[in-house]
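Written out below as structure tokens is the structure these notes cover.
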């Protein structure tokens, strides 16, 4: 049987190896055609795998001696040749794996994708694309770029839209994904020159289902399947909603458990709160693909737990299974 | 008795005159030294005031025949000479009033402040400064600019910080207001050149209590008293948190009232939800001052209800009472 293989950098994230390895074992149990190469300290990996049940054919270990930690910078990609992040990227570059997943530091990972994997022909600036939950049941929105770049030019934005459209069609099964441009107003005349030019390009591209500008307040409305943005604004928007969401839920939790009387009533609403929190749980959406990298490259949140890693690994697997890279390359017509 | 006078443009907002006039009457009852000049269609204003109790010495009506509606653009300031917005601004320019408040369209209002009121000496780009609630009880954060400008240069940002510091000290009574710079990371090296230069200016200014960069996720953490930003990013951040906040509360409401059983439990938590929603009710924070305009100029949200208008009018009154303009001008040392 031919495996789909993920090179999984299990070092360098905030919570150690255990949640990473546990998440991988869970997914291996579900996807029999998946193989995972655990890249990192072999001894530590073996101790995590010890006594766990899994099909040994589906697992490899690639030992490395260095770690790029969360404080790591871009230069670490050059300095730490035997780090788990560098080696995982090299496994993909050398076609020993179909995709790479890491929970490690963002900046070195982007640099590593750039220097080790390279970019799809015609792409100058790959963009980070997380999946964000919306108020519409089972509907998500793809948002990019959220910070792989600061500035993007209108052509980058158009290419983000083309790649994300191919992704949305093949991985998420959306027929004609609606694309919107993040901007401070709905009118075509809003924003910087970059926005106005990007608007024109998107509108003029017959392969795209462009629905116009979208204001940040509608990010999670489910109006669009894809929201394209420069990296700076996308990052500001994403971090703003993450922050306020977390804060509001914390506040509500503290208010409804302040007295015993309230606690008792809150218990009866447990299921209701669960429904809301499942819908917006960022742990189910902790992964982002670096769209435009020459290979499939996923980053999971630095503070990922088992649930987060599982979600990111599953997304990685789905991207391989659905042959996203080829579909994006074709869509780019370059 | 010498009155503090607000020229109140009561036309052009989404909800008509009634909430505007009602809010004004409420505040007039509380502040005996306040006079309000209602600017707009006299007949409509009279009908709103009819049978209401208020001290007639505190009220004037200035009749106008035109309205700049929510779709109004910048040119309307020149075209509609007898609009309530233009006339209200002129009353302040001609020292017939100490401040102006409107719920009308944003773009014409900014243009009107620019052309009719002018700017404080040394200020090139006035900035919109709303007050945002934080998780810390009774603590708010001043955020500017949230969209009066797209781009701002580092010098604008420094002046925002100086003016907002003077405002925070005099109106909010904060001793040494903590100033932070909105950025995508905490390190000094993050963001665009503009951010790096602004960081240096803020750090080097001994009159400011600069605490460094702040990420959008901590906007409502209460860490800073003042957050300075370029207008574009500030707008994206503000609209993102407004959108997600509203959405989350809607979701929770719908989840806890889905069944009769849940509704009954939710009733017992009514007070708890009230506590949270009061804390984050944007209606209490619907007003923003255009900091840097030559006179005190407040904009209330276009969809303001009575509560929103009341909050904005109260902020306007406090700004007059505390002589903010002179304090800001002094602080600028220009």
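Chains as they are written, first to last, in our numbering: chain A, -17 to 316; chain B, -17 to 316.
Glycine included, C-beta positions come from ideal geometry on N, C-alpha and C.
Here the structure is a predicted model, which is why all the values come from computation and not from measurement.
#### Entry: Cβ pair residue 48/B, residue 33/B closer than 7 Å
no
### Task
Identify every residue that forms a DSSP beta bridge with residue -9/A.
21/A, 84/A
### Task
Grab me the residues of residue 99/B's own chain with a C-beta within less than 7 Å of its C-beta, minus the 5 sequence neighbours each way, in chain order.
71, 74, 75, 275, 276, 277, 279
### Task
Less than 8 Å between the CB atoms is what I'm expecting for residue 150/A and residue 208/A, so what's the real figure, rounded?
6 Å
### Query
Going by the CB atoms, is the gap between residue 306/A and residue 152/A shorter than 7 Å?
yes
### Task
Could you pull the start and end residues of the alpha helix (DSSP H) that residue 241/B belongs to?
First-last for residue 241/B: undefined, no H or E at that position.
### Task
Take residue 191/A as the anchor and find which of 8/A, 178/A, 148/A has the nearest alpha-carbon.
148/A
### Message
Just verifying my parser: in three-state terms, what is the DSSP assignment at residue 14/A?
### Response
coil
### Query
Relative to the C-alpha of residue 223/B, which residue among 200/A, 165/A, 240/A, 142/A is closest?
200/A
### Contact set between residue 174/A and chain B, taken where Cβ atoms lie within less than 9 Å
132, 133, 214
### Query
So residue 193/B is in the alpha helix (DSSP H); what residue range does that whole segment cover?
First-last for residue 193/B: 191 to 196, but that is the beta strand (DSSP E), not the alpha helix (DSSP H).
### Message
In chain order, what are the residue ranges of uninterrupted alpha helix (DSSP H) at least 4 long that sit wholly in the segment 284 to 312 of chain A?
### Response
288 to 303
### Query
residue 349/B to residue 115/A, Cα distance in whole Å?
Coverage of chain B is limited to positions -17 through 316, which leaves residue 349/B absent and any answer about it impossible.
### Message
Rounding to the nearest angstrom, what Cα-Cα distance links residue 321/B and residue 193/B in this structure?
### Response
Absent from the structure is residue 321/B, since the part of chain B shown begins at -17 and ends at 316.
### Message
Just list the residues that DSSP pairs residue 273/B with in beta bridges.
### Response
109/B, 275/B
### Task
Would you mind telling me which residues of chain A sit closer than 7 Å to residue 198/B, beta carbon to beta carbon, in chain order?
218, 221, 222, 225
### residue 265/A, buried or exposed, once every other Cβ within 10 Å from all chains shown has been counted against 16
buried
### Task
Using alpha carbons as the reference points, say which of 118/B, 119/B, 136/B, 111/B lies closest to residue 126/B.
111/B
#### Entry: Closer than 8 Å at the beta carbon, the chain B residues around residue 201/A
222, 225, 226
### Task
Give the straight-line distance between the Cα atoms of residue 135/A and residue -3/A, rounded to the nearest whole angstrom.
37 Å
### Query
residue 234/A CB to nearest chain B CB: under 7 Å?
yes
### Query
Taking DSSP as the reference, what is the three-state secondary structure of residue 45/A?
strand
### Query
Is it true that the segment 250 to 263 of chain B meets the segment 229 to 249 of chain A, where meeting means three or more beta-carbon pairs spaced less than 8 Å apart?
yes
### Contact set between residue 229/B and chain A, taken where Cβ atoms lie within less than 7 Å
117, 202
#### Entry: Environment of residue -16/A [buried if 16+ CB atoms lie within 10 Å]
exposed
### Query
Cα separation between residue 167/B and residue 205/B?
15 Å
### Message
Alpha carbons only, please: which of 212/B, 157/B, 60/B is nearest the one belonging to residue 174/A?
### Response
212/B
### Message
Can you find the residues in the same chain that come closer than 6 Å, C-beta to C-beta, to residue 81/B, ignoring five residues on each side of it along the sequence?
### Response
-12, 278, 298, 302
#### Entry: Identified DSSP bridge partners for residue 162/A
194/A, 209/A
### Message
Can you check whether the C-beta of residue 317/A is within less than 7 Å of a C-beta belonging to chain B?
### Response
In the structure as shown, chain A starts at -17 and stops at 316, and residue 317/A therefore has no counterpart that could be examined.
### Query
Which of the three DSSP states, helix, strand or coil, is assigned to residue 101/B?
strand
### Query
Where residue 43/B and residue 285/B are concerned, what is the direct C-alpha to C-alpha distance, given to the nearest angstrom?
23 Å
### Task
Quick one: using the 10 Å Cβ neighbour count with 16 as the cut-off for buried, is residue 83/A buried or exposed?
buried
### Task
Return no unless some Cβ of chain B is closer than 7 Å to the Cβ of residue 107/A.
no
### Query
Helix, strand or coil: which one does DSSP assign to residue 215/A?
helix
### Message
Please state the DSSP three-state secondary structure of residue 174/B.
### Response
coil
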